[in-house]
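Colleague: All residue numbers for the sequence shown refer to our numbering, where the first residue is 1 and numbers rise by one.
Backbone N, C-alpha and C define an ideal beta-carbon position, used for all residues, glycine too.
All figures in this text were calculated on a predicted structure; none of them were measured in a lab.
The structure that follows is given in the form of structure tokens.
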Amino acid sequence: MPTHPKVVEAICEGSPREMGFAQGAAARAKICGAHEALRDLEAFRLQQPDWLPYSVYRWIAEQKASRFLSAPLARDFPAMKERLIGIARGANISLKGVLLINGLEPLMSSVGGCTACPGACSAVAIRGRRSKDGQPIVARNFDYLPLVQPFYLVRKTRPSSGLRAIEFTTAPLAGAVDGMNEAGLCIIYNYGFTTDQPTSPAAPISMAISAALQQCSSVTQAVDFISSMPRWGGALLMLADADGDIASLELSSTRHYLRRPAEGEDVLSHTNAFSSPQMQEVQIAHDAIYTDSAPTPLRGRRLHQSSELRDRRFQQLLAETDVLDVHRLSAIMSDHGPEGMPGDDTICLHGSYWFTTACLQFFPGSRRIRVAYDTACQASFEDIEL
């Protein structure tokens with residue numbers, strides 16, 4: 001069942017370790033609950049041999065996550081390593097337990113040289129002539145597992161050095177899924193289906209997002225920073241800033257491609273499929289089918305089907321209305337397809353595995369965010385200001 005957020009559950013101030021400790025202490029119950037919920041996460045348990053006790057399997061996974069993340073964090077994101085130490089101490093759980101959850105998505109997907117997408121998601125950005133008041137707006141549906149929804153977290157970050165931000169994430173993560181900073185820079189994270197691997201261990205993309213929000217003021221700065229950092233996984237990032245710049249950044253572990261609106265269009269949308277031919281070279285094959293190594297509800301389905309149908313529906317709906325406001329955007333994000341039947345392939349996703357579990361709207365000009373932990377068709381938004 002949907003849960004409704006206490007608008008901001010953590011105020012993270014000071015040094016990186018102090019910020020982490022504040023998050024860990026404020027969200028201790030959620031962090032401990034997320035650690036225990038791994039037992040029920042099929043995608044995590046699929047790699048557990050039948051003969052191996054779960055407690056031993058989880059311990060081995062924690063050792064692997066710790067070995068994989070320790071060096072790249074120290075090299076590329078030392079502040080994030082400090083935040084993770086603080087989160088573990090504030091929540092009173094082991095650092096290796098926190099590292100496991102922070103590395104869980106790329107760890108689960110790094111099988112046989114193939115990165116399987118750990119979620120769906122849809123995002124759209126408007127500005128200029130396509131926006132009723134001329135101001136940029138970004139809307140997104142976060143399509144994920146209902147099992148994880150109780151562990152969502154909205155935090156305000158107030159670093160002793162850097163820009164303040166509002167970030168949407170899950171309680172154990174040092175990085176951010178989405179966020180907007182005091183300069184009006186907004187970054188939204190959709191997962192990608194990629195096959196290439198980093199040349200050496202690297203940190204998850206969520207950490208690069210949070211670091212960018214702390215130090216970048218514009219789309220151009222954020223793109224330059226994120227695309228230059230070593231990273232682990234695939235993504236489509238929707239970016240916007242207070243000056244009205246919007247862009248879609250396609251990322252894999254080794255490549256990136258930036259897409260901006262064609263002149264005069266003033267709108268962008270994406271789901272989980274790359275648009276660039278050079279990125280499609282490292283995307284899982286067009287005709288790939290989920291096999292028996294995938295979670296049960298996904299088996300036998302074509303991996304890219306949902307992304308392709310949602311992208312096509314976005315193009316249709318965005319062409320129907322020339323000037324958009326937040327109400328029309330909300331209607332688009334609530335769409336249940338041409339037949340009005342929600343399912344695995346609709347923008348408002350009511351799937352057999354993934355579900356629209358959170359909706360967010362970002363207003364870079366006014367530094368305001370709206371959040372709902374629900375499907376888009378039932379969203380009752382809470383307003384948050386920096």
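Compare the beta carbon distance of Tyr191 and Thr357 with 9 Å and say whether it is the shorter of the two.
Modeller: Against a cut-off of 9 Å, the Cβ pair of Thr357 and Tyr191 comes out as no contact.
Colleague: Determine the direct distance from the alpha carbon of Tyr57 to that of Gly175, and round the result to whole angstroms.
Modeller: Looking at the two C-alpha atoms, the distance is approximately 25 Å.
Colleague: Taking Cβ positions, are Ala171 and Gln23 nearer each other than 9 Å?
Modeller: Going by C-beta atoms, Ala171 is nearer than 9 Å to Gln23.
Colleague: Would you please state the rounded distance, in angstroms, between the beta carbons of Gly97 and His35? I believe it to be under 8 Å.
Modeller: Right, the Cβ-Cβ distance comes to about 5 Å (below 8 Å), so this counts as a contact.
Colleague: For Asp325 and Met229, which I take to be in contact (beta-carbon distance under 8 Å), what is that distance rounded to the nearest angstrom?
Modeller: Actually they do not touch by this definition, with Cβ atoms about 36 Å apart.
Colleague: Starting from Arg45, trace the alpha helix (DSSP H) both ways and give me its first and last residue.
Modeller: Residues 42-45.
Colleague: Looking at the unbroken beta strand (DSSP E) that takes in Asp245, where does it start and where does it end?
Modeller: Counting along the chain, Asp245 falls outside any beta strand (DSSP E), and DSSP gives it neither H nor E.
Colleague: Classify Ile11 as buried or exposed, calling it buried when 16 or more other Cβ atoms lie within 10 Å of its own Cβ.
Modeller: Ile11 is exposed by the Cβ-count criterion.
Colleague: Closest by CA to Arg140, which one among Leu386, Ala331, Pro338?
Modeller: Taking only the C-alpha atoms, the option nearest Arg140 is Ala331.
Colleague: What does DSSP give as the partner residue(s) for Val323 in the beta ladder?
Modeller: Answer by DSSP bridge pairing: none, since Val323 is not bridged.
Colleague: I'd like to confirm the pairing. Which residues does DSSP put opposite Tyr191 in its beta bridges?
Modeller: According to DSSP, Tyr191 bridges with Ala235.
Colleague: If Ser210 and Glu167 are in contact, beta carbons under 8 Å, what's the gap, nearest whole angstrom?
Modeller: At roughly 6 Å, the Cβ-Cβ gap stays under 8 Å, so Ser210 and Glu167 are in contact.
Colleague: Can you tell me whether Arg155 is helix, strand or coil according to DSSP?
Modeller: Here Arg155 sits in strand by DSSP.
Colleague: Can you name the start and end residues of the beta strand (DSSP E) that Phe122 belongs to?
Modeller: Sequence check: residue 122 is Ser here, not Phe. Note, Ser122: beta strand (DSSP E), 122-126.
Colleague: Measuring only the C-alpha atoms, how far is Leu268 from Tyr353?
Modeller: Those two C-alpha atoms are separated by around 27 Å.
Colleague: Looking only at C-alpha atoms, which of Val148, Ala120, Leu237 sits nearest to Asp178?
Modeller: When each option's Cα is compared against that of Asp178, the closest is Leu237.
Colleague: Run through the DSSP bridge pairs and tell me what Ser160 is partnered with.
Modeller: For Ser160, which the question treats as bridged, DSSP gives no partner whatsoever.
Colleague: Can you tell me whether Thr356 is helix, strand or coil according to DSSP?
Modeller: Looking at Thr356 - three-state DSSP - the assignment turns out to be strand.
Colleague: Considering only the beta carbon of each residue, do Ala294 and Gln283 sit closer than 9 Å?
Modeller: It is not a contact, given that the beta carbons lie outside the stated cut-off.
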